[in-house]
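Trainee:
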Amino acid sequence: MRIAAQKLQENIAEYILYMYQVEDVIRAYKFDVDLIMEHYVQPQLPDSSFSGQYKTWYEGLIRSMKAQKIEKSGHLDELKEIMIELSYLHTTMLNMPDDTKYKEVYDAANKYLEEFKLKSDLKDKNHIEIAFHAMYMKLLLKLQKKEISPETEEAFDGMRMMLAYLSRSYRRMKAGDLDFLKN
Numbered sequence: 704m705r706i707a708a709q710k711l712q713e714n715i716a717e718y719i720l721y722m723y724q725v726e727d728v729i730r731a732y733k734f735d736v737d738l739i740m741e742h743y744v745q746p747q748l749p750d751s752s753f754s755g756q757y758k759t760w761y762e763g764l765i766r767s768m769k770a771q772k773i774e775k776s777g778h779l780d781e782l783k784e785i786m787i788e789l790s791y792l793h794t795t796m797l798n799m800p801d802d803t804k805y806k807e808v809y810d811a812a813n814k815y816l817e818e819f820k821l822k823s824d825l826k827d828k829n830h831i832e833i834a835f836h837a838m839y840m841k842l843l844l845k846l847q848k849k850e851i852s853p854e855t856e857e858a859f860d861g862m863r864m865m866l867a868y869l870s871r872s873y874r875r876m877k878a879g880d881l882d883f884l885k886n
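The sequence shown runs 704 to 886 under my numbering.
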């Protein structure tokens with residue numbers, strides 16, 4: 704809850720990946736808030752004073768996931784809306800003549816995005832969604848302590864740099880510091 708709020712303000716890509724993980728935790732504990740609190744949240748809390756807030760937050764997420772019928776797979780509508788904003792921002796930045804840095808970062812990631820798209824059966828997803836799927840896969844591989852080849856690490860790094868640049872631009876856009884009319 705606190706981590707999510709902090710990530711939402713500071714780094715939208717980290718927020719999305721964190722929330723993907725939270726959705727999977729909720730599914731892993733079969734939507735049982737008491738089990739989530741006992742086995743997942745409580746061991747991570749420095750003290751129990753925040754327990755009530757965390758329980759309320761998880762209960763809200765559980766209600767939303769059930770209402771949106773994403774018990775088995777899928778993502779919260781809020782995350783899908785952010786993904787749409789990021790996709791629009793991505794397209795806008797690619798078409799801005801003054802933002803050559805983003806084009807360079809995107810071009811470096813593009814071949815890896817296309818490869819991942821084919822290997823992961825994500826043919827109906829755009830490049831931003833594909834990059835997030837890849838980054839989440841990397842997170843899961845690390846949590847499982849699985850080895851990542853240097854070639855795969857290079858691909859992940861290219862996508863990570865693209866998402867990092869896009870995230871900084873998203874924060875600037877939300878703050879009103881990104882003026883598309885001047886570009």
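We treat Cβ as the ideally placed atom computed from N, Cα and C, and that holds for glycine.
Starting from residue 859, follow the alpha helix (DSSP H) in both directions and report where the run begins and ends.
Mentor: Here the question's residue 859 lines up with position 156 in the sequence shown. Where residue 859 is concerned, the enclosing alpha helix (DSSP H) stretches over 853-878.
Trainee: To the nearest angstrom, how far is the alpha carbon of residue 732 from that of residue 766?
Mentor: Your numbering for residue 732 matches position 29 in the sequence shown. Your numbering for residue 766 matches position 63 in the sequence shown. Rounded to the nearest angstrom, the two C-alpha atoms are 14 Å apart.
Trainee: Pull up the distance between the alpha-carbon of residue 726 and that of residue 778, whole angstroms please.
Mentor: Here the question's residue 726 lines up with position 23 in the sequence shown. Here the question's residue 778 lines up with position 75 in the sequence shown. Answer to the nearest angstrom: the Cα atoms are 7 Å apart.
Trainee: Would the segment 865-872 count as touching the segment 709-719 if we require 3 or more Cβ pairs under 8 Å?
Mentor: A contact exists between the segment 865-872 and the segment 709-719.
Trainee: Among 749, 878, 730 and 719, which one has its Cα closest to the Cα of residue 776?
Mentor: Looking up residue 776 in the sequence shown gives position 73. Comparing Cα-Cα distances from residue 776 to each of 749, 878, 730 and 719, the minimum goes to 730.
Trainee: Under a Cβ-count criterion, where at least 16 other Cβ atoms within 10 Å of its own Cβ denotes burial, should residue 797 be classed as buried or exposed?
Mentor: As a position in the sequence shown, residue 797 is number 94, starting the count at 1. Answer is exposed; the Cβ neighbour count stays below 16.
Trainee: What's the gap between the Cα of residue 786 and the Cα of residue 834?
Mentor: Here residue 786 refers to the residue found at position 83 when the sequence shown is read from its first residue. Here residue 834 refers to the residue found at position 131 when the sequence shown is read from its first residue. Going from the Cα of residue 786 to the Cα of residue 834 covers about 11 Å.
Trainee: Count the C-beta pairs between the segment 754-765 and the segment 735-743 that are closer than 8 Å, then say yes if the count reaches three, no if not.
Mentor: Touching, per the Cβ criterion.
Trainee: Since residue 815 is in the alpha helix (DSSP H), which residue starts that stretch and which ends it?
Mentor: Sequence index remark: in the sequence shown, residue 815 carries index 112 (1-based). Run containing residue 815: 803-822, per the alpha helix (DSSP H) assignment.
Trainee: Please classify residue 879: is it buried, with 16 or more other beta-carbons within 10 angstroms of its beta-carbon, or exposed?
Mentor: Within the sequence shown, numbered from 1, the residue matching residue 879 stands at position 176. Result: exposed.
Trainee: Kindly indicate which three-state DSSP category residue 773 falls into: helix, strand or coil?
Mentor: On the sequence shown, position 70 is the one that residue 773 refers to. Of the three classes helix, strand and coil, the one that applies to residue 773 here is coil, per DSSP.
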